[in-house]
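Novice: Sequential numbering of the sequence shown, starting at 3, is according to the numbering used here.
The structure is given below, and queries will be raised subsequently.
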Amino acid sequence: MTGADSKPLLQVEDLVRDYRLPRKSLFGRPESVRAVNGVSFSVDRGKSFGIVGESGCGKSTLARTVMGLETPVSGRVLLDGQDLFALPALALRRLRQKFQMVFQDPYGSLDPRFKVERVIAEPLEVLLPGLNRRERRERVGETLDSVGLKPVDADRYPHEFSGGQRQRIAIARALITEPELIVADEPVSALDVSVQAQVLNLIMELQERRGLTFLFISHDLSVVRHITDEVAVMYAGEIVETGPTHKVFADPQHSYTRSLIDAVPHPDPRRSRRLRRASQPAGGIG
Ligand code: ADP
Ligand code: MG
Numbered sequence: 003m004t005g006a007d008s009k010p011l012l013q014v015e016d017l018v019r020d021y022r023l024p025r026k027s028l029f030g031r032p033e034s035v036r037a038v039n040g041v042s043f044s045v046d047r048g049k050s051f052g053i054v055g056e057s058g059c060g061k062s063t064l065a066r067t068v069m070g071l072e073t074p075v076s077g078r079v080l081l082d083g084q085d086l087f088a089l090p091a092l093a094l095r096r097l098r099q100k101f102q103m104v105f106q107d108p109y110g111s112l113d114p115r116f117k118v119e120r121v122i123a124e125p126l127e128v129l130l131p132g133l134n135r136r137e138r139r140e141r142v143g144e145t146l147d148s149v150g151l152k153p154v155d156a157d158r159y160p161h162e163f164s165g166g167q168r169q170r171i172a173i174a175r176a177l178i179t180e181p182e183l184i185v186a187d188e189p190v191s192a193l194d195v196s197v198q199a200q201v202l203n204l205i206m207e208l209q210e211r212r213g214l215t216f217l218f219i220s221h222d223l224s225v226v227r228h229i230t231d232e233v234a235v236m237y238a239g240e241i242v243e244t245g246p247t248h249k250v251f252a253d254p255q256h257s258y259t260r261s262l263i264d265a266v267p268h269p270d271p272r273r274s275r276r277l278r279r280a281s282q283p284a285g286g287i288g
């Protein structure tokens, strides 16, 4: 099916999303903030696409809208050519199997009342309700294994794990339906730097091994630089620059991108200068 494979897996077209504010304007009209303002981009199959920008620029709003968790004012999100907001409920539910989300907070995103098996298997209840207990258990075990945990971890509770392990559980939960696209919103930002690298390596390994497509969102330039093939720089709800990651970092076209790159702190100013002279931004992972 080369025809289907050559078209982008995800297409976002002129997406706009407003939030109504609780206060009213001087003239009594409800005020709103435009969190996402005319965003367009597309992500090819098997690629990792980054969205980078400062806190408050609209990244999470964009992620939630792309996931169909929020409704846009206008614009379209096409997954595999299917318009998310034009699909009947049943078709949308089926399409849901194809994309999953990983959130920033590995503490808040896992229900502490349930054992890991139930937490991970939950997306299956809706999508593959026909699985029996043994099949379910097997699938959970395999998925735990693929994120570097043990099948017996299924019987423990989320609070028994470290932050990095919990994010592995969240990734397992996202993987269990065998999705094609994973939207990861700041998936390592809550983790210690040493743990960040491990989780990023896992994500890259999964991408390679399973041919997964990633929409990877982060405020951290060095993380995005390390992990993505293409990047879009977001500022105040808009994409100001987009292109292959190495190119955007080596030769940023927009002044905002340049200021972001210059703002990356580096513990060793000599190394930082050296790097900048080589027309590369400073910073490693984290
Ligand atoms: P980021 O993820 O880049 O930090 P967000 O998408 O969280 O940015 O926020 C973008 C803008 O939308 C901010 O001005 C934020 O205050 C506003 N915003 C986000 N979520 C809501 C909400 N639920 N209600 C009202 N305003 C919101
Ligand atoms: Mg956010």
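Every residue gets a Cβ at the ideal spot worked out from N, C-alpha and C, and that includes glycine.
Residues around the ligand ADP, please: the ones whose beta-carbon is closer than 5 Å to some heavy atom of it, in chain order.
Specialist: Qualifying residues, in the order they occur: Y21, A37, S57, G58, C59, G60, K61, S62 and T63.
Novice: Please work out which residues of its chain come closer than 7 Å, Cβ to Cβ, to A280, disregarding the five sequence neighbours upstream and downstream, and give them in chain order.
Specialist: Summary for A280: the model assigns pLDDT 43, below 50, so the residue's position carries little reliability, and this model does not support an answer.
Novice: Mark T73 as exposed unless 16 or more other C-beta atoms lie within 10 angstroms of its C-beta, in which case mark it buried.
Specialist: Result: exposed.
Novice: Whether or not the stretch 102-121 and the stretch 157-176 are in contact is what I'm after, with contact meaning three or more pairs of Cβ atoms, one per stretch, closer than 8 Å; do they touch?
Specialist: yes
Novice: Taking C-alpha atoms, which residue in Y21, Q198, L89 and A88 lies nearest to G1?
Specialist: This structure leaves residue 1 out entirely; the chain is present only between 3 and 288.
Novice: In three-state DSSP terms, what is L81?
Specialist: strand
Novice: Cα separation between T63 and N134?
Specialist: 37 Å
Novice: So V142 and E119 are supposed to be a Cβ contact under 8 Å. How far apart are they, rounded?
Specialist: 5 Å
Novice: DSSP three-state call for M3: helix, strand or coil?
Specialist: Low confidence applies to M3: its pLDDT is 45, below 50, so where it sits in the model is not reliable, and the reading given next is rough at best. Note: M3 maps to coil in three-state DSSP.
Novice: Relative to the C-alpha of D147, which candidate in P114, L262, G110 and L208 has its C-alpha closest?
Specialist: L208
Novice: I think Y109 touches R66, with their Cβ atoms under 8 Å apart; what is that distance to the nearest whole Å?
Specialist: So it is not a contact: roughly 19 Å between Cβ atoms.
Novice: May I ask whether a heavy atom of the ligand MG can be found less than 7 Å away from the beta carbon of E188?
Specialist: Yes, the Cβ of E188 comes within 7 Å of a heavy atom of the ligand MG.
Novice: Go ahead and pull the three-state DSSP assignment for D147.
Specialist: helix
Novice: Is it buried or exposed for V41, if we count other Cβ within 10 angstroms and need 16 for buried?
Specialist: So V41 counts as buried.
Novice: Can you tell which of V68, R25 and F29 has the C-alpha that lies nearest to the C-alpha of V18?
Specialist: V68
Novice: Take V79 and list the residues in its own chain whose beta-carbon comes closer than 8 Å to its own, dropping the five residues that flank it on each side.
Specialist: Within the same chain, Cβ atoms closer than 8 Å to the Cβ of V79 are found at L12, Q13, V14, E15, L17, T67, V68, G70, D85, L86 and F87, the five residues on either side in sequence being excluded.
Novice: Please state whether the Cβ-Cβ distance between T215 and L177 is less than 8 Å.
Specialist: Note that the C-beta distance between T215 and L177 is not below 8 Å.
Novice: Using a Cβ-Cβ cutoff of less than 7 Å, which residues in the same chain neighbour S50 once the five nearest sequence positions on both sides are dropped?
Specialist: Excluding residues within five positions, the ones whose Cβ falls inside 7 Å are Q209, F216, F218, I229, T230 and D231.
Novice: Taking the alpha carbon of T244 as the point to measure from, which residue in R138, E188 and G55 has its own alpha carbon closest?
Specialist: G55
Novice: Between S191 and the rest of its own chain, which residues show a CB-CB distance below 6 Å, the 5 nearest in sequence each way excluded?
Specialist: Q106
Novice: Which of the three DSSP states is assigned to G165 in this structure?
Specialist: When DSSP states are grouped into helix, strand and coil, G165 belongs to the helix group.
Novice: Could you round the C-beta distance between T179 and P125 to whole angstroms and report it? I think they count as a contact, below 8 Å.
Specialist: 5 Å
Novice: Determine which residues share a DSSP beta bridge with V235 and list them.
Specialist: Per DSSP, the beta-bridge partners of V235 are V54 and E243.
Novice: Assuming Q99 contacts P181 (C-beta within less than 8 Å), just tell me the rounded distance between them.
Specialist: 7 Å
Novice: Give the range of the alpha helix (DSSP H) segment to which V195 is assigned.
Specialist: V195 to R212
Novice: Got a sec? Which residues, its chain only, sit under 7 Å from L112 by beta carbon, not counting five neighbours each side?
Specialist: Cβ within range, chain order: V121, P160, R168, I171 and A172.
Novice: Can you name the start and end residues of the alpha helix (DSSP H) that I184 belongs to?
Specialist: Careful: I184 lies outside any alpha helix (DSSP H), inside the beta strand (DSSP E) at L183 to D187.
Novice: Is it the case that the Cβ atoms of H221 and S57 are separated by a distance below 8 Å?
Specialist: yes
Novice: Below 8 Å on the Cβ atoms is my guess for A234 versus I53; work out the distance and round it to an integer in Å.
Specialist: 5 Å
Novice: Restricting to Cα atoms, I'd like to know which of V250, L262 and G83 is closest to S8.
Specialist: G83
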